[in-house]
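Protein chains in written order, with my numbering: chain C, -17 to 289; chain X, -17 to 289; chain D, -17 to 289; chain L, -17 to 289; chain B, -17 to 289; chain R, -17 to 289.
Comments concern the structure below.
Number of protein chains: 6
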Amino acid sequence: MFMRIDRLQTELPVPKRQDPNAAAALQELLGGKYGEMSTLGNYMFQSFNFRSKSKLRPFYSLVASITAEEIGHVELVSNGVAMLNAGPDKPDGELGGQDISDAPYEPMQDARLAAAFLSNGGGATPVNSNGASWNVDMVTTTGNVVIDLLHNFHLECGARIHKLRVYETMTEPTGREVCGYLLVRGSVHAHAYALALKKITGVAIEKMLPTPNINLDKIPECQKYLAEGVHRRLYRFSPDDYSEIAGIWANGEVALPGDPPGELELVDGVPEGGRIHDLMGDARAFSPEYAPEEMFEIASKLYKKSR
Amino acid sequence: MFMRIDRLQTELPVPKRQDPNAAAALQELLGGKYGEMSTLGNYMFQSFNFRSKSKLRPFYSLVASITAEEIGHVELVSNGVAMLNAGPDKPDGELGGQDISDAPYEPMQDARLAAAFLSNGGGATPVNSNGASWNVDMVTTTGNVVIDLLHNFHLECGARIHKLRVYETMTEPTGREVCGYLLVRGSVHAHAYALALKKITGVAIEKMLPTPNINLDKIPECQKYLAEGVHRRLYRFSPDDYSEIAGIWANGEVALPGDPPGELELVDGVPEGGRIHDLMGDARAFSPEYAPEEMFEIASKLYKKSR
Amino acid sequence: MFMRIDRLQTELPVPKRQDPNAAAALQELLGGKYGEMSTLGNYMFQSFNFRSKSKLRPFYSLVASITAEEIGHVELVSNGVAMLNAGPDKPDGELGGQDISDAPYEPMQDARLAAAFLSNGGGATPVNSNGASWNVDMVTTTGNVVIDLLHNFHLECGARIHKLRVYETMTEPTGREVCGYLLVRGSVHAHAYALALKKITGVAIEKMLPTPNINLDKIPECQKYLAEGVHRRLYRFSPDDYSEIAGIWANGEVALPGDPPGELELVDGVPEGGRIHDLMGDARAFSPEYAPEEMFEIASKLYKKSR
Amino acid sequence: MFMRIDRLQTELPVPKRQDPNAAAALQELLGGKYGEMSTLGNYMFQSFNFRSKSKLRPFYSLVASITAEEIGHVELVSNGVAMLNAGPDKPDGELGGQDISDAPYEPMQDARLAAAFLSNGGGATPVNSNGASWNVDMVTTTGNVVIDLLHNFHLECGARIHKLRVYETMTEPTGREVCGYLLVRGSVHAHAYALALKKITGVAIEKMLPTPNINLDKIPECQKYLAEGVHRRLYRFSPDDYSEIAGIWANGEVALPGDPPGELELVDGVPEGGRIHDLMGDARAFSPEYAPEEMFEIASKLYKKSR
Amino acid sequence: MFMRIDRLQTELPVPKRQDPNAAAALQELLGGKYGEMSTLGNYMFQSFNFRSKSKLRPFYSLVASITAEEIGHVELVSNGVAMLNAGPDKPDGELGGQDISDAPYEPMQDARLAAAFLSNGGGATPVNSNGASWNVDMVTTTGNVVIDLLHNFHLECGARIHKLRVYETMTEPTGREVCGYLLVRGSVHAHAYALALKKITGVAIEKMLPTPNINLDKIPECQKYLAEGVHRRLYRFSPDDYSEIAGIWANGEVALPGDPPGELELVDGVPEGGRIHDLMGDARAFSPEYAPEEMFEIASKLYKKSR
Amino acid sequence: MFMRIDRLQTELPVPKRQDPNAAAALQELLGGKYGEMSTLGNYMFQSFNFRSKSKLRPFYSLVASITAEEIGHVELVSNGVAMLNAGPDKPDGELGGQDISDAPYEPMQDARLAAAFLSNGGGATPVNSNGASWNVDMVTTTGNVVIDLLHNFHLECGARIHKLRVYETMTEPTGREVCGYLLVRGSVHAHAYALALKKITGVAIEKMLPTPNINLDKIPECQKYLAEGVHRRLYRFSPDDYSEIAGIWANGEVALPGDPPGELELVDGVPEGGRIHDLMGDARAFSPEYAPEEMFEIASKLYKKSR
């Protein structure tokens, strides 16, 4: 079972301008082969299909717990996409009833992924940066523990190069923050899968990290997270379960050489996270509606009833 | 953010025989257009892309909270698939090292979705009952609240007919239980979206329920859930959030006429749920490994370290 | 614009038994690369995209008119699929309210394309015999007249080998009739595109026909159509348009050597066709409903009002 | 069976400039999930698979007849796409033999959907505005009458928001006219499916209309159609069939409140429609040919023969 | 550039019976995510896209050379599929003109992947064992040498588990031989990519082999190849190029511990290979034709001319 | 079996500027329906599935041999794509360690197929010019010799119009050279399949050539190849096999009327070809690595060892 908390894993700054092609680039990290839908899909199905769970508890718990974090990554990138497509807050953004006969959506025709506007009103969907759909071919769940962990290690390394390149295309702080945060957390996951593989096979595969061979200290947006030690933490992302991860991530294992030093630690619960941005309405997109005032009133009454 | 609890939403009985084609039928409820990946994908992206959240809180909270339940549905169906593909527990199931030269996997050639065995060792993946992948075309997130809610209402009705038909193909209790539980919960979701639509539009669309026009009392597996009142409950699936749902689901709204009567209620947290079955290993599938004994030993030591 | 007539191009005999795998084989002729969705899709988009229509009228009219016939072919194969999946009429077939708790749909689990039952209640959809979707990769519309006509000629030859093979798998008369009729009409289309190419290029490409190199006289189901001269007729499938086809199909051109001799003729309107079979309801499939009696009554009243 | 008439449902003005990205936006209404291929595909297969047709005649006839109109919608959007990709008529447009060595097609490289030019010479194909293919996942045909009608109602509402957004991107009159006409006709279909649902379930779901909540009077291109009463008419699109629709659409039912008032009426046959634009040739695209003069001459002779 | 030699990499025994579901299982090794189209596609595009080739010659040459071997693997599996679908040679197999009216192809309806017969006459195509197409999502070419090599190492391990499972389904010697040979060669490739990674990163990742953890000595079909030392050889698969591979594969590196001991060696050219089986014609499949005698005669004359 | 030679079929000039949209256009010739992956896939699987090979040797050899040439075409287009995406050589291109925090990859956001950079670092993949994947629907292998040859003839004509249009978009010499070379070779293949069809059917289908109806003398980049007689040559692309092609291509058959006259000839081996360009590294793309100097050093040592 899964629970939801109405916060993002980290807070995203509001963009200073609408930036549809930046949003489109960010889609690579959402619905691409090495995006967050893929990390989610791989770990989720691997955890469902895991055999001999009780005898392989630390390994099962690692995969099962990271699954929960990955849903939050899908959420984070999606929020980034929607914010970049929406642009800065407008004081009168919630007002409806505009004139639609003068082609107010014309600029959307030239957005690289125009369907994001025509179909989704600027929202995120599970497609890559070329608009191709996420699908089952991006899920590996063989049931063999070594192959699945090795796949996951490779997946996180592959995800890292994608995040780095997407980061390098970004000028808006929203997108840069998404990449910066994910680079830190992705490094943790690559490290964790490497340690799991090392425990089983004896091969010190974590020595391949970081791949690509660039340290996080080159990326300004990563620094606050490194300073907090986020790169040394796995969260259990669970009220009571998955503490067996400590058999892999903890017990004297330490941060990677290129990162701020310190012991790895398994942290209870979830990170503090940040506020979810309240995306403003857009009457041109009929989102939430053309003239939403009445709907707002209804919602306000229902809200009061619910207290 | 999302958290994970190491339990299923309901406990599944262990199958009495391996039943690959039943598992394949169940895949329709996992990766089909009207399966749980679709309900998850629709509500997840709608909640991420929701505009004017703060002004439409009860509606946002409804979609956001059900998202969390749906991940658990994906988990439930996936467990059902993996259990039906694995068959009953075998006392010596965890022992490895069998002779693989005498075609021990021959029967898998005739399984309708043979790739489930050849590629996934009997595990679940996001495909439908014909083996076609789940994809973005099964996600609707227009950003318009009425259209999205209407879509969701239709989606839950469509999901119901799929569950009913899959149920009618099942002779193993594992698959029947999956369908029975999902039929009750799916009815709740259809009802909830209907009430949300009624609040906004004034149209009593819940009077279309149940669709198809058959009551849950015809399905033996639903009875214990109805007796407990599961059909009248929405769980918040959150430690602290989404209580605004009570503006829609509660406040004097009552169960559908064909179901046991009573008021609708919003319940804190999650259902008690049931144990996740410990799928036994299968050396033929090299899952978790051909001869996993050493791996078990390593895991056992790591487990002890984690305590 | 298009009009519809509530008849099939030829009447199909009711199957003597339910035959899901025959229906699945027939799907190749519906949604496969060389199926009727493809012939429809190719000619439809070619006719929409046709340039210099007024200067190339006979060629445009040929493609535009055959488009209309192809929709009817899609209809014919779809009816065949639905009939084979439904099986023979049952006297009490329309009665509803059956017990669904005893796995009445169990045999559908082993149907090759089980989703046809689980999702479509036995109905046809645009997929091939392996359940893969029809899509844009099966449409060629280059806008170059010679290439498009050459593609169409090849497409009809390819369609012919598919029809022949599907025919060879059929024991039920419904499926055999579908194939028999389509073989005759497909031969006409191959012949017509060949003549069109000959007019432009001077190459007597119709001498490649029939391909595969087997005459229709080997197929009992084709004989009544050959006797009627169906192989020599192009219908205009239009109230008033497309008579320019006579510049290509008529004017002394004659039947292929292996077929009954005679001049080719352009026929006004549509063939007489046959009755559409009234598929009986199936309460297990909730199609049209679990207990449709009330719905029948409503429909009956509305019907009377409409008179 | 289907017949074809060589006219469009409404006449489209010739664009004043070539506008490839407008054409790409229009593709959303052709091959997108809520585009005309989808409405066509849904109603076509639902009508083929309909059970108990004779007992549910008014409902069957509604779906069957609208199918025919939808093929014409596919035609209309396709013509719009091809016209916007072609641009204004050029006096010497039909002349061939130009110099191709100086990159005369260079601007096409930057067209959002460049394959429309490279592969289709500017023609339309069944893809959405991101170039992704239409496919079976966009077809719902469960065989349950309420679910299928509910799906169709939702589909038409979803189609409406897509049309509105695409309209808002358009500056060329060709594309605006396509959207304006389809908005009126789509509203009719949404209304019709709502009434059908109301007849069966008693739920006044037509009160949800219009969705999105904007009246057609905001759209200049709709006004002439509203003035003619096009929003109150269903055409039978058939020489003799489908008159039972009058049980649903007629009999005192009236126009939606936001539209010009009046009774709904079932009209025999088809609308008068407009001329299909004669797309000029483009030697750079080898469409219809590089130097088509000889081909024109041949066609001219064949045309004369056909008279 | 590539050259072709009219031999298979190893000779395949003719099946003793037609075995369509075995052929369908083998398709997983052809068009599945971990099949030979994928190994080919990955190495081919990586070699095309390789940057700094001249400075990274041994690594480039490794990937470039294995590409050539993989085309031969695609050929080998395809031959296996076609042979299993065709069955044993029949003395009169080449004669044509059979009666097709008595459903001679009926058994093909129940073949798991019936389209292989209906569309391809028993031939192989790039699909997996569920009939889903190979596609770009199965290609990783990031351009980063470590990530690409790591991907390839994981791909070969994943391919190994697929080969093992497919092998375990096989009772016909044709399919077993395909698997046996590929298991030996795939092990070589996994080993080679491991050594390449070790050279760059210093991580002894080859110690993870074999994965899954079963030695080739358990598989009778592998023994003759092990005895010949095939597991210690990389062929250059080139007349003159790629000798730099010896910097990785050779120079004192030795066979894996579970395999017969010995030094690794780079071999000039190609293996001796075996004869390509001369698949007999099948008149029912119109392959090569319904009555091919005349075609044989023509071919015979052309053959003589060519001498 | 296949061998590889480390040269391109023709040498490509280095582009004078980075031209991502030209690369994207060239992708149509790589992964489009009428691109080189398709010609490769068709002939490769047709040759694997060929029945009665020994009796139809000249036809088998033709298809089998051209397969080998087509892999080289895939290579040629891929090199062109990668070169256009990389742009001109930079003196310091191989140096690494650049500052990545100032959005050095920002222009890639606006590249039409941005994923080519984000995922592939500028490399080629099997997708078309809209980013849609190559797949099995682009492969025809019916096993009927006439249908397959006819398909291939149509495929080469279709490929020709695609090459011509892509050529017309190119201003960089790299892309123009790719198109120019492929136009000459594609014409040879169309001619060859036409002659094969003529031998079997007696139809002089080669008279349809060239299609589109423009001679190669209009394309400056083709002239040097025509002057060398490349349009009259089929290479065996094999050390010892496929000489039976001479029964079709030779023996008095001559060049097409619009091309420089002369006899057709079957040439041993492969064309001389040209150098593969040494694509420079790009630290921003982490390709081959962020700071590859150490990797270069390792490679250099391994290279020396291999001598």
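Positions of the beta carbon are idealized from the N, C-alpha and C atoms, including for glycine.
Everything numeric in this text was worked out from a predicted model, so none of it was measured.
Could you name the residues that DSSP lists as bridge partners for residue i?
{"i": "E54/R", "result": "Reading the sequence as shown, one finds Gly at residue 54/R and not Glu. Its beta-bridge partners do not exist; DSSP assigns none."}
{"i": "V302/C", "result": "The first residue shown for chain C is -17 and the last is 289, placing residue 302/C beyond what the model contains."}
{"i": "D264/R", "result": "S269/R"}
{"i": "Y217/D", "result": "V249/D"}
{"i": "G256/X", "result": "L(-10)/X"}
Restricting to Cα atoms, I'd like to know which of the options is closest to residue i.
{"i": "L146/X", "options": "E138/X, K286/X, L137/X and L165/X", "result": "L165/X"}
{"i": "L248/B", "options": "S36/B, Q28/B and Y217/B", "result": "Y217/B"}
{"i": "K286/D", "options": "L198/L, P108/L, N233/L and Q205/L", "result": "N233/L"}
{"i": "A186/B", "options": "A172/B, P194/B and E18/B", "result": "A172/B"}
{"i": "D264/L", "options": "K35/D, A7/D and Q0/D", "result": "K35/D"}
{"i": "H55/D", "options": "V252/L, M(-15)/L and F268/L", "result": "M(-15)/L"}
{"i": "E279/B", "options": "R39/R, A106/R, Q0/R and P(-5)/R", "result": "R39/R"}
{"i": "G157/X", "options": "R94/X, C139/X and N61/X", "result": "N61/X"}
{"i": "A237/L", "options": "L246/L, G229/L and E10/L", "result": "L246/L"}
{"i": "F135/D", "options": "N102/D, K189/D and K(-2)/D", "result": "K189/D"}
What does residue i reach in chain R if we use C-beta pairs closer than 7 Å?
{"i": "A273/L", "result": "N195"}
In chain R, which residues lie less than 8 Å from residue i when you measure between Cβ atoms?
{"i": "M262/D", "result": "Chain R residues near M262/D: none, gap ~36 Å exceeds 8 Å."}
{"i": "V148/C", "result": "L100"}
For the alpha helix (DSSP H) containing residue i, list its first residue and its last residue.
{"i": "R167/B", "result": "P155 to T183"}
{"i": "R(-14)/R", "result": "That residue, R(-14)/R, is in no alpha helix (DSSP H); its beta strand (DSSP E) goes F(-16) to R(-14)."}
{"i": "D130/D", "result": "V127 to E150"}
Starting from residue i, follow the beta strand (DSSP E) in both directions and report where the run begins and ends.
{"i": "R33/R", "result": "Neither: R33/R is in no beta strand (DSSP E) and is coded neither H nor E."}
Given that residue i touches chain L, what residues does it touch there, using C-beta distances under 8 Å?
{"i": "G113/C", "result": "N112, G113 and A114"}
Chain X partners of residue i, CB-CB under 8 Å?
{"i": "P(-3)/C", "result": "Here the premise fails: no neighbours, minimum Cβ distance about 15 Å."}
What residues of chain D sit near residue i, judged by a beta carbon separation below 8 Å?
{"i": "L164/L", "result": "Result: empty, since nearest Cβ-Cβ is about 14 Å, beyond 8 Å."}
So with CB distances below 7 Å, who are the chain C contacts of residue i?
{"i": "A4/L", "result": "Q91"}
Name the chain D residues that come within less than 9 Å of residue i, Cβ to Cβ?
{"i": "L(-10)/L", "result": "M(-17)"}
Can you name the residues of chain L whose CB is closer than 7 Å to the CB of residue i?
{"i": "D1/D", "result": "Ordered by position in chain L, no residue passes the 7 Å Cβ test against D1/D, which lies about 17 Å from the chain."}
{"i": "E140/D", "result": "One point to set straight first is that residue 140/D is Gly, not Glu, in the sequence displayed. Per Cβ cutoff of 7 Å: no residues; G140/D is ~20 Å from chain L at best."}
### Query
Of all the residues that make up the stretch 62 to 86 of chain B, which are near chain D by a beta-carbon distance shorter than 7 Å?
I82, S83, A85 and P86
#### Entry: Near-chain X residues of the stretch 181 to 213 of chain B (beta-carbon distance less than 7 Å), N- to C-terminal order
P194, N195, I196, K200, I201 and P202
### Message
Under 8 Å, CB to CB, which of the residues in the stretch 9 to 22 of chain X have a partner in chain D?
### Response
E10, G14, K15 and Y16
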